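These notes concern the structure reproduced below.
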Amino acid sequence: MNFLWPALLALVAAVPMGWALWAALVQMADVSAWQALWADPQTWRAWGMTLWTGLASTWLVWWSVARLLAHGFIRQKLAKWLPHVPALLATPHAAMAIGLVLWLSPSGWALRWVSPGLTGFEAPPPWPTTQDPWGLGLILALWLKELPFLLWVAATQMQREDLRRRWQAEYAVAQTLGHTPMQAFAQVVWPQLAPRLRWPLLAVLAYGLTVVDMALIIGPASPPTLAVLAWQWLGDADLALQAQGVAAAGLLTLSVAVLALGAV
8 MNFLWPALLA
18 LVAAVPMGWA
28 LWAALVQMAD
38 VSAWQALWAD
48 PQTWRAWGMT
58 LWTGLASTWL
68 VWWSVARLLA
78 HGFIRQKLAK
88 WLPHVPALLA
98 TPHAAMAIGL
108 VLWLSPSGWA
118 LRWVSPGLTG
128 FEAPPPWPTT
138 QDPWGLGLIL
148 ALWLKELPFL
158 LWVAATQMQR
168 EDLRRRWQAE
178 YAVAQTLGHT
188 PMQAFAQVVW
198 PQLAPRLRWP
208 LLAVLAYGLT
218 VVDMALIIGP
228 ASPPTLAVLA
238 WQWLGDADLA
248 LQAQGVAAAG
258 LLTLSVAVLA
268 LGAV
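See the structure below:
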């Protein structure tokens, strides 16, 4: 009896979700929707922008986490950093994107503080610092938001007592063999830690490829990322465009699956 009510609640939630998923799969099997998707002039550029921003931001997060963990492990500063990470994790993605726009846009706070004294600008310059056609603003936003997540996951692994003692002992042995602190971390600690971060890293990649809110706020606009296009098509009153949006969502799902399988 203790499991009856949770099972009923799960069933109540699963039935409409399952029906919606089945309807999406039926639409996804529509050949005409896929033909319309490939014929749309925005699709290829939007898909390329999606792969570029998602992969670039994920690589930056991975590289930054490796560097920060190496620095924290070598100098024994991980315990000092961890209390500051939850505040960054709690910041909503859209709020982070809005804050970056307020800071970095051509009329943003950063340029206002130094203008016109240091820049000579009396009006906002025509520079696309946000919603730029190269997706750099979106990459920056994703990097800043996902870095604390992966850093937190990695730090929790490094704070485990059994792993920490073993890795510190192996790190000390590597140094006695003539390796520099950074070499010892890279050759002893990181190869053991990196496989433990595989699934969190795939979550970062999946989010970077499918994000909508941050891409709407700070991402490119012409064309937007494929996730934004899919969201716009799915909300259209035209049933043909809705089917095209389902096909775009299917393309995103396949992209994430292929990249995840390649990473594993």
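Residue 271, in this note's numbering, is where the sequence shown stops; the numbers in between run on with no holes.
Ideal Cβ placement from N, Cα and C applies to all residues, glycine included.
Bear in mind that the values here come from a model prediction, so they are computed numbers and not experimental data.
- Counting along the chain, the unbroken alpha helix (DSSP H) around V108 starts and ends at H100 to L111.
- Put simply, the backbone Cα of T183 is about 22 Å away from that of D169.
- For the options V196, W159, M189 and Q199, the alpha carbon positioned closest to that of A86 is the one of W159.
- According to the DSSP assignment, H78 belongs to the alpha helix (DSSP H) that extends over T50 to R82.
- By the neighbour-count criterion, in which 16 or more other beta carbons inside 10 Å mark a residue as buried, K152 falls on the buried side.
- Taking a contact as a CB-CB distance under 8 Å, the pair T217 and A228 does not count as one, their CB atoms being some 18 Å apart.
- When C-beta atoms of the region 243-255 are compared with those of the region 183-196, fewer than three pairs fall below 8 Å, so the two segments do not count as touching.
- When secondary structure is reduced to three states using DSSP, H186 falls in the coil class, being assigned neither helix nor strand.
- Closest option to D220, judged by alpha-carbon separation, among L111, A148, P123 and T136: A148.
- DSSP places L170 in the helix class (H, G or I) of the three-state scheme.
- The Cβ atoms of L58 and A254 do not sit closer than 7 Å to each other.
- DSSP places L125 outside both helix and strand once states are collapsed to three, so it counts as coil.
- Non-local beta-carbon contacts of K84 in its own chain, meaning distances under 8 Å to residues more than five positions away in sequence, involve H78 in chain order.
- Looking from the CA of A256, the closest CA among L209, T232, R173 and R74 belongs to T232.
- When the beta-carbon positions are compared, I224 and A102 stay at least 7 Å from each other.
- Cβ neighbours of A162 within its own chain (closer than 6 Å, five residues either side excluded): L85 and L89.
- When the five nearest sequence neighbours on each side are left out, the beta carbons in the same chain lying within less than 8 Å of the beta carbon of L212 are those of G61, L62, T65, V263, L266, A267 and A270, in order along the chain.
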